Amino acid sequence: MTASLAPWITEASAHAAEIDRLALAFSLLIAALSVPVFLLLVVFAIRYRRGRKVDRRHAPDRNVWLETSWALIPFLLILIFYVWSTSSYIDLYEPPDDALEISLVAKQWMWKVQHPGGQREIDELHVPAGTPVRLNMASQDVIHSLYVPALRLKRDVVPGRYTSLWFTADRPGTYRLTCAEFCGTDHSTMGGRLVVMRPADYARWLAQSDLDPSLAEQGAQLFRTLGCSGCHGPGSTVHAPPLDGLYGSPVPLDDGRVITADDRYIRDSILLPQSEIAAGYPRIMPTFRNVLDEEQVMKLVAYIKSLRRQGWKDGP
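So the sequence shown is numbered by the numbering used here: it starts at 143 and just counts up by one.
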């Protein structure tokens, strides 16, 4: 029993501790509201049981203040919990701007991770303690769900879209991560480890790991291989949107809307190019939906994010 509860009892972040406090406080509130009811049920069942001589007449009047307070006080207390839980939920969708971004691709039946510097790992996720980490996640095949009990965090990884999850693990150690969504015959084996390291140890781990080109560098190479620079390069004769400084900028669309060029927009522009056409540009972008997998799309997105506003000095 203790072994089965250990992953839940362990807290690896301040968020996990807050969720535990919220759950405990709410459980105590429910107990405070329900225990008197059940105790009175037992008392009344004994006192007014059949055959016992007691006064069963209705009370001549009602205590309005007691009834009002019994409804109002629980309402106000539950309202406090609503604000508390909503605040915690909103925080999950507001990662810090300086968060360390790590790419994660889920596929049957493994987790494939790539760090910004090019380090790769499978079914393991190494992160520095005390540093905000943002996971940019995509699924290669079916719906998966990344669940880390020690962080009290779970997020679905859905094919056809990006999802993200951020956390700050502040307790070095090794913790279990798993898939919490049935994803096929070997779903039960789709697990792994979250390894939280002291910053100095994490830096040494990065230096000792097999180093591939960074995600942005791999994206730049893929950009050239696919011939994207033929349309989007600075010397192109094709009337296509420029990509330098695109990420994070407002993009007017031909239907009158204005959206922000985020990860989702760039991904859809690669795989579903006809869904959102930039204003003033023809509908000539081909789809790469059946050409690229999610890992390759992530590389292209990382490359486009890395382009600086001053131009293509560091580009292809």
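Cβ coordinates follow ideal geometry from the N, Cα and C atoms, glycine included. Quantities reported herein were computed from a predicted structural model and do not represent experimental measurements.
What is the DSSP secondary structure of residue i, counted as helix, strand or coil?
| i | result |
| --- | --- |
| Y289 | strand |
| P270 | strand |
| L246 | strand |
| Q282 | coil |
| Q416 | coil |
| S146 | With a pLDDT of 46 at S146, under the threshold of 50, the modelled position of that residue is not reliable, and the figure given next carries that caveat. In the structure shown, S146 sits in a helix (DSSP, three-state: H, G or I). |
| F186 | helix |
| T316 | strand |
| G334 | strand |
| I264 | strand |
Inspect the beta-carbon positions of residue i and residue j and report whether they are closer than 7 Å.
| i | j | result |
| --- | --- | --- |
| R313 | A154 | yes |
| H257 | W347 | no |
| T273 | L242 | yes |
| L288 | V299 | yes |
| E437 | V247 | yes |
| R431 | L413 | yes |
| K441 | L364 | yes |
| V433 | R409 | no |
| E418 | L395 | yes |
| P216 | L170 | no |
Counting only the same chain and skipping the five closest in sequence on each side, list residues whose C-beta sits under 7 Å from that of residue i.
| i | result |
| --- | --- |
| Y423 | H381, A382, P383 |
| L307 | L277, M279, L288, L295, R297 |
Considering only residues of the same chain and omitting the five flanking positions on each side of residue i, which have a CB-CB separation below 6 Å?
| i | result |
| --- | --- |
| G260 | L353, D354, P355, S356 |
| G453 | Only weak support exists for where G453 lies, its pLDDT of 46 falling under 50; the value from the coordinates is given anyway. D386. |
| M332 | W251, C321 |
| A444 | L357, A358, G361 |
| M143 | Confidence in M143 is poor, its pLDDT being 40 and thus under 50, which makes the residue's placement too unreliable to answer from. |
| Y344 | P270 |
| H374 | A382, L385 |
| L462 | A query on residue 462 cannot be resolved here, the shown segment of the chain reaching from 143 to 458 and no further. |
Run through the DSSP bridge pairs and tell me what residue i is partnered with.
| i | result |
| --- | --- |
| M252 | K249 |
| C321 | L288 |
| L295 | V290 |
| L395 | A420 |
| I401 | V393 |
| W308 | R276 |
| Q363 | None, per the DSSP bridge assignment. |
Measure how close the beta-carbons of residue i and residue j come, nearest whole angstrom, since I'm counting them as under 8 Å.
| i | j | result |
| --- | --- | --- |
| Q250 | V290 | Going by Cβ atoms, the distance from Q250 to V290 rounds to 20 Å, so no, they are not a contact pair. |
| G326 | E266 | Not really, about 21 Å apart at Cβ, beyond 8 Å. |
| P484 | M339 | The shown model of the chain, from 143 to 458, leaves out residue 484, and the question about it has no answer. |
| I244 | V275 | 6 Å |
| A372 | S378 | First, the amino acid is wrong: residue 372 is Gly here, not Ala. Their Cβ separation, rounded to whole angstroms, is 6 Å, which keeps G372 and S378 in contact under 8 Å. |
Could you pull out every residue in the same chain whose Cβ sits closer than 8 Å to the Cβ of residue i, ignoring the five residues on either side in sequence?
| i | result |
| --- | --- |
| A403 | L388, Y389, G390, S391, P392, V393 |
| A349 | none |
| K455 | Unreliable placement is indicated for K455, whose pLDDT of 42 sits below 50; no coordinate value is reported for it. |
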